[in-house]
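K.L.:
Number of protein chains: 2
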Amino acid sequence: MKIPAIAIHGGSGTITFDTNNSELKKRYLNALNSTLDEVYEMLSGGSSATECVSKAVSIMEDCDLFNAGKGSVFTANGNHEMDAAIMNGETLEAGAVAGLQGVKNPVLVAYDVLQNTPFVMIAGEEAIEYARHKNFKLETDSYFYTQLRYDQWQEIKGAAGMKLDHSGEGAKFGTVGAVAVDNEGNVAAATSTGGMTNKAWGRVGDSPLIGAGTYANNKTCAISCTGHGEYFIRGVVAYDVSCRMEYGGKSLKQAAYDVIYKKLKRMGGEGGLIAVDSSGNICMPFNTKGMYRGMKNEAQTIARIF
Amino acid sequence: MKIPAIAIHGGSGTITFDTNNSELKKRYLNALNSTLDEVYEMLSGGSSATECVSKAVSIMEDCDLFNAGKGSVFTANGNHEMDAAIMNGETLEAGAVAGLQGVKNPVLVAYDVLQNTPFVMIAGEEAIEYARHKNFKLETDSYFYTQLRYDQWQEIKGAAGMKLDHSGEGAKFGTVGAVAVDNEGNVAAATSTGGMTNKAWGRVGDSPLIGAGTYANNKTCAISCTGHGEYFIRGVVAYDVSCRMEYGGKSLKQAAYDVIYKKLKRMGGEGGLIAVDSSGNICMPFNTKGMYRGMKNEAQTIARIF
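Chains A and B, in that order, give the protein sequences. In this text, residue positions in the first sequence follow the numbering used here: the first is 252, and each later residue adds one. In this text, residue positions in the second sequence follow the numbering used here: the first is 252, and each later residue adds one.
1) Can you name the residues of chain A whose CB is closer than 7 Å to the CB of residue 462 of chain B?
2) In chain B, which residues lie with their C-beta within 7 Å of the C-beta of residue 495 of chain A?
3) If we require 3 or more residues per run, which beta strand (DSSP E) segments fall completely within the segment 427-498 of chain B?
4) Comparing C-alpha positions only, which one of A:470, A:488, A:320 sits nearest to residue 477 of chain A?
5) Could you tell me whether the Cβ atoms of residue 482 of chain A and residue 499 of chain B are closer together than 7 Å?
6) Give the residues from the segment 354-383 of chain A that approach chain B closer than 9 Å (Cβ to any Cβ), ordered along the chain.
7) At least one CB of chain A closer than 7 Å to the CB of residue 484 of chain B: is that the case?
8) Going along the chain, which residues of the segment 379-408 of chain A sit with their C-beta nearer than 9 Å to a C-beta in chain B?
9) Exposed or buried, residue 549 of chain B, counting other C-beta atoms within 10 Å across all chains shown (16 or more means buried)?
10) If residue 580 of chain A sits next to residue 304 of chain A, beta carbons under 8 Å apart, how far is it from one beta carbon to the other, in whole angstroms?
11) Are the C-beta atoms of residue 533 of chain A and some chain B residue less than 7 Å apart?
12) Below 8 Å on the Cβ atoms is my guess for residue 364 of chain A versus residue 349 of chain A; work out the distance and round it to an integer in Å.
13) If you reduce the DSSP assignment to three classes, tell me which class residue 557 of chain A lands in.
14) Only counting the same chain, and skipping five residues up and downstream in sequence, which positions put a Cβ closer than 7 Å to that of residue 415 of chain B?
15) Does the pairing of the segment 257-266 of chain A with the segment 538-555 of chain A give three or more beta-carbon distances under 8 Å?
16) According to DSSP, residue 323 of chain B sits in a beta bridge with which residue or residues?
17) Under 8 Å between beta-carbons, which chain B residues line up against residue 345 of chain A? List them in chain order, please.
18) Any beta carbon from chain A within less than 7 Å of residue 322 of chain B's own beta carbon?
19) With distances taken from CA atoms, which of B:504, B:457, B:401, B:479 is nearest residue 449 of chain B?
20) Have a look at the DSSP bridge pairing and note the partners of residue 346 of chain A.
21) Taking 6 Å as the limit between beta carbons, can you name the residues of its chain near residue 529 of chain B, skipping five residues before and five after?
22) Inspect the beta-carbon positions of residue 295 of chain B and residue 255 of chain B and report whether they are closer than 7 Å.
23) Residue 507 of chain B CB to nearest chain A CB: under 7 Å?
24) Under 6 Å from any heavy atom of the ligand NAP, does the C-beta of residue 436 of chain A make it?
25) Taking 7 Å as the CB-CB cut-off, is residue 349 of chain B touching chain A?
26) Would you list the one or two residues that DSSP bridges to residue 552 of chain A?
27) Under 8 Å Cβ to Cβ from residue 288 of chain B, same chain only, skipping five residues before and after it: list those, please.
28) Would you list, in sequence order, the uninterrupted alpha helix (DSSP H) runs of no fewer than 4 residues that lie entirely inside the segment 291-324 of chain B?
29) Examine the Cβ distances between the segment 349-361 of chain B and the segment 370-386 of chain B and report whether three or more of them are shorter than 8 Å.
30) Suppose you measure from the CA of residue 259 of chain A to the CA of residue 443 of chain A; what does that come to, to the nearest Å?
31) Enumerate in chain order the residues of its own chain whose CB-to-CB distance from residue 368 of chain A is below 6 Å, with the five nearest sequence positions on each side excluded.
32) Helix, strand or coil for residue 518 of chain B, going by three-state DSSP, please let me know.
33) Out of A:495, A:525, A:484, point me to the one whose CA is closest to residue 336 of chain B's CA.
34) Over the uninterrupted alpha helix (DSSP H) stretch that includes residue 384 of chain B, give me the two end residues.
35) Given this structure, state the Cα-to-Cα distance separating residue 354 of chain A from residue 544 of chain B, to the nearest angstrom.
Have a look at this one:
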C-alpha cells in the first residue's frame, strides 16, 4: 500500500434511497469525493495526519448531509448536542468534547483540547464556555435547522412515546470520521457526531470516547467508528482492534473484520469502522446495509455507500 | 484463591501523614475495613458482584475521607462535579454518569443507567435532571463542604495562577473504586470520583469512561483505576489489562503489573488499579507513594495505605 492515505466515513445503517432520488445519492458521493480530494492534497503536501483528520471531519461537519455539525439531529428537547474526539497516533495525545451546543465545528474544539490543555475530555456547559472563551465559531439554532432532521425528530417523537426509547429511530447511525497516515508514517483518527435523534438525558455515545469510537497508535492503527454507540462503548471497539493487532498478532484487516463481523454481531451491535495502519493499509468493514465511506491514496480514490 | 472476593481503593498518590496524625491514618484504615466487612457479608450471602461493587462505592461516597460523593473536591468554579461508572462482567452491560452536581451517590445513578436505560453514559445538566426525575437523593452545597477540601482548593487557586494548570495539585488522585467476584464467578467493577481540585471547563477524567478507568468481563477480569486520569484515558488502561490477558495470554498479575509499572511509567502516568478475576485472584499495583486499598475473601482481610 501507499502512504500518505486517508479514509473517511459519514455514518452507517439502513440507508435507503428512493430509486428516483439518484440526485441525493450523487450529492453524498460528491461530498465524500470532494472531502477526500481536498484533504489528500494537504496530506501529500506534507500536512500531519492529525491536522488532516481534523480538516476532513470539519468539512463534513459543515455539510448538512451528515449527522455532525450543521447536519446534527434533534435531541428530545429540540436541541443539537454534539460530541467529537481526535487522537494523534504518534504521541498518543487526544482531545474530546461532549454535549456541545451552538458550536460550528466540535472537532476543532477537540483538537484545541488536545493541543492546549492538560485535559483529554471536557463536557457540557463548561465545555461550551471553553469554546466561547477560545473564540470558536458559534452558530444559532437556524444554522443547525434542516427540514429533514426536524421531520425525523417529529416522527420519532410521535412513534416512540417515551424519551428513553430510541427504537423508533430504526437503524441509522449518523457520525462522521476520518483516519489518515501522513508522509512520515504517523497515523491519526477523528470522529464527530450529532448523536441520536430524540436522545435524552445528555446521552453520550462512543464517538468522543477514546478507545470506543476513536483511537490512534502508530504501533497498530488509527480507527474511527460509526454505529449503535452503546455496543461500541461496551466492546471498547476501537482499542479492541488495536489490541488484537498488538497482543494477538493479527493484521489490520483480520482484527477489524473479527470485531465488526464476529464480536459485534454476537453482541447484537450494528455499525462499522474505518481504519488505516502506518503502512497505508486501509479497511472499512460494516455489518449494516450501508456505510457512507471513501478512501484515497496515490493509486486510487474510492467513494461508496453500499 | 477463593470466591467470593472483593477489593476496594480510595485513591492513590503522594500520601503523607504527619507522624503525629496516626488518628487520621486509623480513620482511613477503619473506613476501608468497615466497607470490606459490610460488602463481603453481602457477597457471601449471595448478592451479585454488580450489586456489591455498587454498594461498596456508595459507602465510600458517603465518607468524607475520600474524593467522591460527600468528600468531593472543589472545581475552579467552587462546585463539586462528580463522575461514576459501573460494569457487569457477565453481561458486559455498563452505566456511567459525568458532571453530576448535588447528587449524593453518583454510582447509584450510574447503576440505574445500566439497568433502566438503553444508554451507557449520560452527562451534564440533563444527567442531573435524570437523577432528579428518578428521585435519587440530592444534597445541598453544605453537605459537600469540608474544610480540608476547601483549604486545598484555596491553596491551588492561589498557586496555579491559571485555571487550566493543575500542576499545583501535586500528585493526589482521589477516586474510589471496587471490584468483586461473586459466588457464581461473575465479576464487576465500579468507580466514582469528585475529579481534580480546581478542575475547569467540565473536564472528565478516566473514572466514568468504560475501558479507561472501569471495565469488567468474566472472560478476563474486573478493574477499577485511580490516577492521573488523562494518562489512563490515552492508555485505555482498564481494557488494556483485559486485552493483555485475552489476546496476549498473560495472567491477571502479569498484565496489571506490565500496565502500571511499565507502560504507564513510560508514558509518565501515575496511579494504580485494583483487579479481580473470576477465580478470585486479586492484585492491587500502584506506581505512586501510596494507594488506599483493601481486599477480603474467606481467608484474609487486608487494608493498607503504603
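For each residue, glycine too, the CB sits at the ideal point set by N, CA and C.
P.N.:
With the structure as the only source:
1) The contacting residues are 462, 463, 487, 490.
2) At a beta-carbon threshold of 7 Å, the residues of chain B lying near residue 495 of chain A are 498, ordered along the chain.
3) The segment 427-498 of chain B contains, as complete beta strand (DSSP E) runs of 3+ residues, the segments 427-432, 438-444, 465-467, 473-478 (chain order).
4) Ranked by how close their Cα comes to the Cα of residue 477 of chain A, the residues A:470, A:488, A:320 have A:488 in first place.
5) No, these two residues do not count as a Cβ contact at 7 Å.
6) Within the segment 354-383 of chain A, the residues whose Cβ lies closer than 9 Å to some Cβ of chain B are 364, 367, 368, 369, 370, 371, 372, 373, 374, 375, 376, 377, 378, 379, 380, 381, listed in chain order.
7) Closer than 7 Å to some Cβ of chain A, the Cβ of residue 484 of chain B qualifies, so yes.
8) Within the segment 379-408 of chain A, the residues whose Cβ lies closer than 9 Å to some Cβ of chain B are 379, 380, 381, 384, listed in chain order.
9) Residue 549 of chain B should be labelled exposed.
10) Nothing can be reported for residue 580 of chain A: it is not among the residues displayed for chain A, which extend from 252 to 557.
11) No, residue 533 of chain A does not count as interfacial toward chain B.
12) That belief does not hold up - the Cβ atoms of residue 364 of chain A and residue 349 of chain A are roughly 11 Å apart, past 8 Å.
13) Assignment of residue 557 of chain A by DSSP, reduced to helix, strand and coil, places it in the coil class.
14) Note on residue 415 of chain B: pLDDT 34, under 50, position unreliable in the model; the coordinate value appears next. So the qualifying residues of the chain are 451.
15) At 8 Å Cβ cutoff, the stretches touch.
16) None; residue 323 of chain B has no bridge partner.
17) The answer, in chain order, is 484, 485.
18) It does not; no Cβ of chain A falls within 7 Å.
19) Shortest Cα-Cα distance from residue 449 of chain B to any of B:504, B:457, B:401, B:479 involves B:401.
20) Answer is A:337.
21) Here the set comprises 432, 436, 438, 469.
22) Contact: yes.
23) Contact of residue 507 of chain B with chain A is not assigned, every C-beta pair being separated by 7 Å or more.
24) The ligand NAP is absent from the structure shown, which contains no ligand whatsoever.
25) Judged by the 7 Å Cβ criterion, residue 349 of chain B is in contact with chain A.
26) Residue pairing by DSSP places residue 552 of chain A opposite A:547 in a beta bridge.
27) 547, 552.
28) Given a length threshold of 4 residues, each whole run of the alpha helix (DSSP H) inside the segment 291-324 of chain B is given here in chain order: 300-312.
29) Remark: three or more beta-carbon pairs, one from each stretch, lie closer than 8 Å, so the segment 349-361 of chain B and the segment 370-386 of chain B are flagged as touching.
30) If you take the alpha carbons of residue 259 of chain A and residue 443 of chain A, they lie about 12 Å apart.
31) Cβ neighbours of residue 368 of chain A beyond the five flanking positions: none.
32) It is helical.
33) The option with the nearest alpha carbon to residue 336 of chain B is A:484.
34) Here the alpha helix (DSSP H) through residue 384 of chain B covers 375-384.
35) Put simply, the backbone Cα of residue 354 of chain A is about 43 Å away from that of residue 544 of chain B.
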